[in-house]
Structures are given as structure tokens and as C-alpha cells.
Amino acid sequence: MTKMRVNPNRMELLKLKRRGDVAKRGHKLLKDKFDELLKEFIARISANRKLRAEVEGRLIGAYGLLAVARAEAGKANLTQALLSGAPAEMLEASERRVMSVRVPEFVLGTLSEPGGYSLATMPAVLDGALDALAEVVPMMIELAEREKAIELLAAEIERTRRRVNALEYVLMPSIAETIKDIQMKLDEAERGNLTRLMKVKDIIAAQEAAGER
Amino acid sequence: MARIAIVGDSTSVAGFRPLGFAVFPVERAEDARELWSELAGGEYGVVFVTEQVYSAVEDLVGEVLDRPVPALTIIPGAGSSGGVGGAKINRAIERALGTSMLIREEDE
């Protein structure tokens, strides 16, 4: 691990030790967050898979009915019949926080009642097709909400994992190594001091002994 | 209140107009690229796209990926087999966990 370039003195040692403590606390917190995010995530995945399979199945069924209607009424007639209806503001979108991730929450208002086409010229199967579509719409909205939440959680999990790993494998080892390095340098200086003192003491003692003689 | 948008070939999306969706029929999937800035503008809470359209706009969707709305959701179009939406979620799972093995095993 790379050492940091700091002056090997007591001041830096203290600072680094404090930083190391903070890093350790942050690492623990992030790790807890990561675990909790993962729990949320896994719980959502399997439920979502079933929902998506059902939505896709039902949509394809409804398309089939529409195709039958198109065949019976003719493409132009059907297109004209389906022109009725205007875009409506029927979705209540709000946000919720899951582990500090903002996920959307959708509440579907009432769908417009399909109609406005001539019942005389349109085949009955069109009603069935539109009913089938109207039935699947709430599920589609729920699917949209859940899949968005899964994607947002996935992004957050990735970010958190990067942070945890950066702390665990880069910052914390580097701090530990630098602390060790400073400690050794300080110890070395301490030993150097001690031997010097001993040497000086010996010299003084020798001089005193020479003076007494 | 927000609207719901749906983009795809007219065969797939026409049926949603009577239900109150904002319908964007496109002849060719590439035409959806021009609609994208409007769709992502925030007026729409949910944007449904068919699989063909999604593959055409895939490189543009990055900007909405990290925002809560709009929620971009892939639905099968008429005449497509489905599975692209599931694959998108699988990619998200792989991004989060580093593997999608774990989940597949649970399914079996």
C-alpha cells in the first residue's frame, strides 16, 4: 500500500490516528448501509420478475385481441376509432425515501373510459381488447414504479460498494501503514537520542574519572 | 399530476389512446430519438417504450437513469417476443451485485 507523504512527527501521528478512527467508523456505517440496501434490493427482485412476466403475457394477449379487431374492422377504421380520447393527467407521482435513495411512487387515477367510437361499425372484440388493456395498465404502472426503484437501488448499491471498498482497501491500509512508518521513525529517533545520551554520560563520567585522578 | 407516455409503433400503442395515455406513434424506431427530450422533460411520470424503440434510444436514456421520474419501462410491442425489459433489469442486478447468478438460482 502506498504510504502518505507526511512529516514523521507526533503531530501528524495524532492527526492520522484520528483520521483512521473516522475512516473505521465511516466504513462500518457504510457497510451497514450496504447490507441493508442489499436486503431491500433482493426482496424486490423476485417479486418484480413475476410481475413483469404477467404484464408481458397480458399485453401480448391484448395485442392479439386488437389484431383481431383490426382484421374485422379494417386498419383505417380501427385507427380512426382509436383516435378518440386525449392525454389526461391521471398519474400522481411522488417520491419516497428508501435508505436515502429517492424512489418514485405512482398512484394511478381513474383511466378514461374508452368509447367514442361507433358500436355499429366496430367489432365487439375491440371492447374486449380495450378492457384487457385497461386491466393491465395498473400493473404496468406498478411495474414501472418497481423497476425504477430497482434501478435506483442498484446504482446506489454500486456507489456504496465502491466507497466501502475504497475505504477498506485503499484509505485504511494506507493510513495504517503511514502510522506504522511514523511510529518506527519516532522510535528510531528515540533510540538515537538514548544512545547519544548514554554516550555523553560515558564521556562525562570518563572526564570526571580523569579529573579525580 | 403527471401524464403517462407511450412510444412505439402505431399497432402496439394505438390501443392506449382511448385510456388517456399520451401516445407517440413512431413509424421507425429511430424517430423516437427526436421525441426523447420532450419525454425526459419531466412532464411525464412514466414513459413506456416498446422493445424496438428502446433499442433505438438506448444510448440516450442514461440521463434519466438516476432520476426518480420519469420511470422508463420497456413493454413488448406487438410482434416482439418480450424479454428486453427483463434483460434491462438483469443488467441493473448485475451492476449492483456483480453477478446475476444468485438470483437465477433462486428462481429455479
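Just so you know, the protein sequences line up as chains A and U, in that order. Residues in the first sequence are numbered from -19 upward in steps of one, following the working numbering. Residues in the second sequence are numbered from 14 upward in steps of one, following the working numbering. We treat Cβ as the ideally placed atom computed from N, Cα and C, and that holds for glycine. As the structure is a prediction and not an experimental result, all values here were calculated from the model.
DSSP places Gly58(U) in the uninterrupted beta strand (DSSP E) bounded by 57 to 63.
Only Val117, Met120, Ile121, Leu123, Ala124, Glu125, Glu127, Lys128, Ile130, Glu131, Leu132 from the region 117 to 132 of chain A bring a Cβ to less than 8 Å from some Cβ of chain U. Here the region 61 to 75 of chain A makes contact with the region 27 to 38 of chain U; the two share three or more CB pairs at distances below 8 Å.
The C-beta distance from Ile130(A) to Ile22(A) rounds to 10 Å, too long to fall under 8 Å, and the pair is not in contact. Taken in chain order, no unbroken stretch of beta strand (DSSP E) lies wholly in the region 163 to 191 of chain A with a span of 3 residues or more.
Exposed is the label assigned to Asn(-11)(A), since fewer than 16 other Cβ atoms lie within 10 Å of its Cβ.
Chain-ordered, the chain A residues with CB closer than 7 Å to the CB of Val82(U) read Ala73, Pro84. DSSP places Gly21(U) within a strand segment (E or B) once states are collapsed to three.
Excluding sequence positions up to five before and after Leu52(U), its CB lies within less than 6 Å of the CB of Ala18, Val60, all in the same chain and listed in chain order. Arg176(A) and Glu188(A) have their C-alpha atoms spaced approximately 18 Å apart. Arg16(U) and Met120(A) have their C-alpha atoms some 14 Å from each other. Put simply, the CB of Asp72(U) is far from chain A, with every gap to its CB atoms at 8 Å or more. In the three-state reduction of the DSSP assignment, Pro89(U) falls in the coil class, being assigned neither a helical nor a strand state. DSSP, read as helix, strand or coil, puts Arg16(U) in strand. Contacts between Gly54(U) and chain A, judged by CB atoms closer than 7 Å, are missing: the closest CB pair is about 14 Å apart.
Between Asp111(A) and the set Ser23(U), Ile88(U), Asp79(U), Leu32(U), the nearest pair of CA atoms involves Leu32(U). Taking 8 Å as the Cβ-Cβ cut-off, the region 24 to 48 of chain U approaches chain A at Thr24, Ser25, Ala27, Gly28, Phe29, Arg30, Pro31, Leu32, Gly33, Phe34, Ala35, Val36, given in chain order.
Bridge pairing for Glu85(A): Ser74(A) [DSSP]. Listed by position along chain A, the residues whose Cβ is nearer than 9 Å to that of Gly98(U) are Arg32, Val35, Glu36, Leu123, Glu127. Under the 8 Å Cβ criterion, the region 132 to 147 of chain A does not count as touching the region 41 to 50 of chain A, having fewer than three qualifying pairs. With a contact defined as Cβ atoms closer than 8 Å, Asn57(A) and Thr90(A) miss out at about 28 Å.
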